[in-house]
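Novice: For reference, the structure I am asking about is given below.
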Amino acid sequence: MPVARLTRLAGIDIPDSQVAKQATELLLEYGTEFLYNHSLRVFLFSSLNAKRSNIKHDTELLYVSSVFHDLGLTPHYSSPDKRFEVDGANAARDFLKSHGYPEQSLQRVWDTIALHTTIGIAEYKEPEVALMYAGVGLDVMGEGYEHLHEEHRNEIIKAFPRTDFKKKIIPAFFDGFKHKTDTTFGNIKADVCAFMIPNFQRKNFCDCILHSPWNE
-1 MPVARLTRLA GIDIPDSQVA KQATELLLEY GTEFLYNHSL RVFLFSSLNA KRSNIKHDTE
59 LLYVSSVFHD LGLTPHYSSP DKRFEVDGAN AARDFLKSHG YPEQSLQRVW DTIALHTTIG
119 IAEYKEPEVA LMYAGVGLDV MGEGYEHLHE EHRNEIIKAF PRTDFKKKII PAFFDGFKHK
179 TDTTFGNIKA DVCAFMIPNF QRKNFCDCIL HSPWNE
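Counting with the numbering used here, you get residues -1 to 214 for the letters of the sequence shown.
Here's what the structure looks like:
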């Protein structure tokens, strides 16, 4: 999947450091063109939100987080028993650790990826966490669409096409955790299982309480 490297788009500088390049190469090697386009859009939408609201953040950490945020859906990075968000977070942390990044940066990227689907929490965390959460929400669910300038939107979509995204993203999610549907308990990806699996039985929190080993 050969892809020309852009360094600036929609007024946003795309990191071009060796770390950024290597992260992108991993996404191209183990991901798909569909995930690549989604991940780069997420970075750009996140960055535009930061620019619009004048939010200071670490651009490279945001970029690496965006690149890795869905790699937990891929066979190479997927574990048999962890949420895909955690798989992606662990992979990004190991990658940056191998490049000598400090513990604070490792934790920031881990949180950014692990929490990117956690509604009601991620938006109140550190800038990179909140920004990527919003960027994912914009690309997947159209949250904040009204704030996106048409010129920027067209420029980004031309470079990183959505290619029938609405119809493809739910099956793409499901393919990443259909072998471990229990990991969707308590998070929004249980909705994906319910959509894709007829008569899917969700694990229920109240049942966990009532059927616990406690007598009272």
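Here a beta-carbon is modelled for each residue, glycine too, at the ideal position from N, C-alpha and C.
#1: For Gly217, which residues from the same chain have a beta carbon less than 7 angstroms from its beta carbon, with the 5 sequence-adjacent residues on both sides left out?
#2: Give a yes or no on whether the C-beta atoms belonging to Phe158 and Asn35 are separated by under 8 angstroms.
#3: Within a Cβ cutoff of 7 angstroms, which residues of the same chain sit near Ser103, ignoring the five residues on either side of it in sequence?
#4: Look at the Cβ atom of Phe43, then the Cβ atom of Asp137, and state whether they are nearer than 8 angstroms.
#5: Distance check for Phe41 and Ala21, CA to CA, integer angstroms please.
#6: By the DSSP assignment, the alpha helix (DSSP H) with Gly86 in it spans what residues?
#7: According to DSSP, simplified to helix, strand and coil, what is Arg6?
#8: Using CA coordinates, which residue listed in His55, Gly135, Asn213 is at the minimum distance from Gly118?
#9: How close, in whole Å, do the beta carbons of Asn47 and Gly142 come, if the pair is a contact with beta carbons under 8 angstroms?
#10: In the DSSP assignment, find the alpha helix (DSSP H) that holds Asn35 and state where it starts and stops.
#11: DSSP three-state call for Asp79: helix, strand or coil?
#12: Taking the alpha helix (DSSP H) that Asp173 belongs to, which residues open and close that run?
Specialist: Taking the geometry as given:
#1: The question about residue 217 has no answer here: the residues shown for the chain are numbered -1 through 214.
#2: Here residue 158 refers to the residue found at position 160 of the sequence shown. Here residue 35 refers to the residue found at position 37 of the sequence shown. Cβ atoms of Phe158 and Asn35: closer than 8 angstroms.
#3: Stepping through the sequence shown from its first residue, residue 103 is reached at position 105. Here the set comprises Leu59, Leu94.
#4: Indexing the sequence shown from 1 puts residue 43 at position 45. Indexing the sequence shown from 1 puts residue 137 at position 139. Going by C-beta atoms, Phe43 is nearer than 8 angstroms to Asp137.
#5: Residue numbering aside, residue 21 sits at position 23 when the sequence shown is read from its first letter. Residue numbering aside, residue 41 sits at position 43 when the sequence shown is read from its first letter. Near 13 angstroms, if we compare the C-alpha coordinates of Phe41 and Ala21.
#6: Reading the sequence shown from its first residue, position 88 is the one you call residue 86. Where Gly86 is concerned, the enclosing alpha helix (DSSP H) stretches over 82 to 96.
#7: Residue mapping note: residue 6 aligns to position 8 of the sequence shown, counting from 1. In the structure shown, Arg6 sits in a strand (DSSP, three-state: E or B).
#8: Locating residue 118 in the sequence shown gives position 120, counting from the first residue. It is Gly135.
#9: Along the sequence shown, read from residue 1 onward, the residue named residue 47 stands at position 49. Along the sequence shown, read from residue 1 onward, the residue named residue 142 stands at position 144. So it is a contact: roughly 7 angstroms between Cβ atoms.
#10: Here residue 35 refers to the residue found at position 37 when the sequence shown is read from its first residue. Residues 31 to 51.
#11: As a first step, residue 79 is located in the sequence shown; it is residue number 81 there, counting from the start. It is coil, neither helix nor strand.
#12: Taking the first residue of the sequence shown as position 1, residue 173 is located at position 175. Its alpha helix (DSSP H) spans residues 163 to 175.
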